[in-house]
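In what follows, a single structure is set out as structure tokens and then discussed.
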Amino acid sequence: ILKSGAKARNILMRSNIRLVVSVGKKWMGRSKDHNGIADRYKGSWNRPSLDEVIQEGMLGLARAVDKYDPDRGLRFSTYSTHWITSYVRQCFQVAATGCLKIPSQLHDIKHSYTSILKRQIEASEAIPTDQEIADEIGVTLARLRTSIRVTESLVSIDEPVYSGGTSGFKGSGAGGDYAGDNSLLLSDRLECSELPPEDYVENGFLRQTLENAMAAELSPYERDILRLRLGLDDGQPRSIREVVEACGGDISVTDVRSAERRAFKKLRSPNAVQAHNLVAYFEMADISFDADKMPW
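If you want it as structure tokens, here you go:
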């Protein structure tokens, strides 16, 4: 019995593959994100290809085969069309928002919104406001605006700023079909003010080297003055008068200057530079030192 059931299920699915292809082509024709008939069945960053649509449609067909009950008096083609369409619709919705999982209700609200705008434009009538469209759909204005915002298509940072034709389709820009193309990518226009990860690691090592040198070569008083002057603890360098104010006025400007001068003299000494490997730190901080006096 199990073998006969599996065989019947296989025959039923094979017999309705053309139905899946028909529904998939119908949905591909609805999409406007293509450049003519030749590119109608190709995929893009916000639109699945025909192969992907058929694959999802086959999953819907398998679901329909498992749940079909002939005693209800429905033709299998009528029943399976519902499940195929549901899976195909979900495929288009997922492709439109990429890795973001958006509830299907928000996609339905967006579809109703665009349908109303299309109807008004074709009828050459005035474009209704968002509040009027929300009232017609039966949702609040905030939910309508949320649906429009969260269902916007994602943009790939590897996409050329100017595609120049069909380079927006899958397999053209990202797949390397135009390996010799020098088009300006969107990622080339992005700027990052943060340091690269390797610089963070290097700065951490240099900071630890400086801490070890200060702990070994300087007195606690000199370390505190140098920390305040250079802002080693909070990243805020201070002037000499600000250091005096931070110490409560117990020291004078001359005391701060002399302590700073002694601290730098100790850290720049050849023995301290060699013992604590401070050459790299001096080069990064652009601090001058006499390399000719180094013992190496």
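Going by our numbering, the first residue of the sequence shown is number 25, and it counts up by one from there.
Glycine included, every Cβ here is placed at the ideal spot set by N, Cα and C.
Cβ neighbour criterion (16 or more within 10 Å) applied to residue i
i: valine 163; result: buried
i: glutamine 117; result: buried
i: alanine 147; result: exposed
i: leucine 168; result: buried
i: alanine 158; result: buried
i: valine 237; result: Here residue 237 is alanine; the residue named in the question, valine, does not match the sequence. With 16 or more other Cβ atoms within 10 Å, it is buried.
6 Å CB neighbourhood of residue i in its chain, flanking five on each side removed
i: alanine 120; result: Asn70 and Ser177
i: serine 136; result: Ile161
Secondary structure of residue i, DSSP reduced to three states
i: tyrosine 202; result: With a pLDDT of 44 at tyrosine 202, under the threshold of 50, the modelled position of this residue cannot be trusted; read the value that follows with caution. It is coil, neither helix nor strand.
i: arginine 71; result: strand
i: proline 220; result: coil
i: proline 244; result: helix
i: leucine 98; result: coil
i: serine 184; result: Sequence inspection shows proline at residue 184; the serine mentioned does not correspond to that position. Strand at proline 184.
i: leucine 209; result: strand
i: lysine 125; result: coil
i: leucine 214; result: coil
i: lysine 91; result: helix
i: glycine 259; result: coil
C-alpha gap between residue i and residue j, whole angstroms
i: leucine 277; j: glutamine 232; result: Looking at the sequence shown, residue 277 is not leucine but valine. Computed Cα separation, rounded: 29 Å.
i: aspartate 361; j: lysine 134; result: Because the chain is modelled from 25 through 320, residue 361 falls outside the range shown and cannot be assessed.
i: histidine 131; j: threonine 175; result: 7 Å
i: leucine 254; j: glutamate 222; result: 23 Å
i: serine 180; j: leucine 209; result: 9 Å
i: arginine 251; j: cysteine 216; result: 29 Å
Own chain partners of residue i with C-beta closer than 8 Å, once the 5 adjacent residues on each side are dropped
i: proline 261; result: Arg253, Leu254 and Gly255
Problem set entry | Contact the region 239-247 vs the region 283-300: 3+ CB pairs below 8 Å | Using a C-beta cut-off of 8 Å, the region 239-247 makes contact with the region 283-300, since at least three inter-stretch Cβ pairs fall below that distance.
Problem set entry | Meets three-Cβ-pair contact criterion under 8 Å: the region 97-104 and the region 36-47 | Output reads yes: the region 36-47 touches the region 97-104.
Exercise. Is there contact here, the region 219-232 with the region 290-301, by at least three beta-carbon pairs under 8 Å?
Worked result: Contact between the region 219-232 and the region 290-301 is absent, because fewer than three Cβ pairs lie under 8 Å.
Problem set entry | Validate contact between the region 105-114 and the region 77-93 using beta carbons, cut 8 Å, 3 pairs | With the cut-off at 8 Å, the region 105-114 and the region 77-93 touch.
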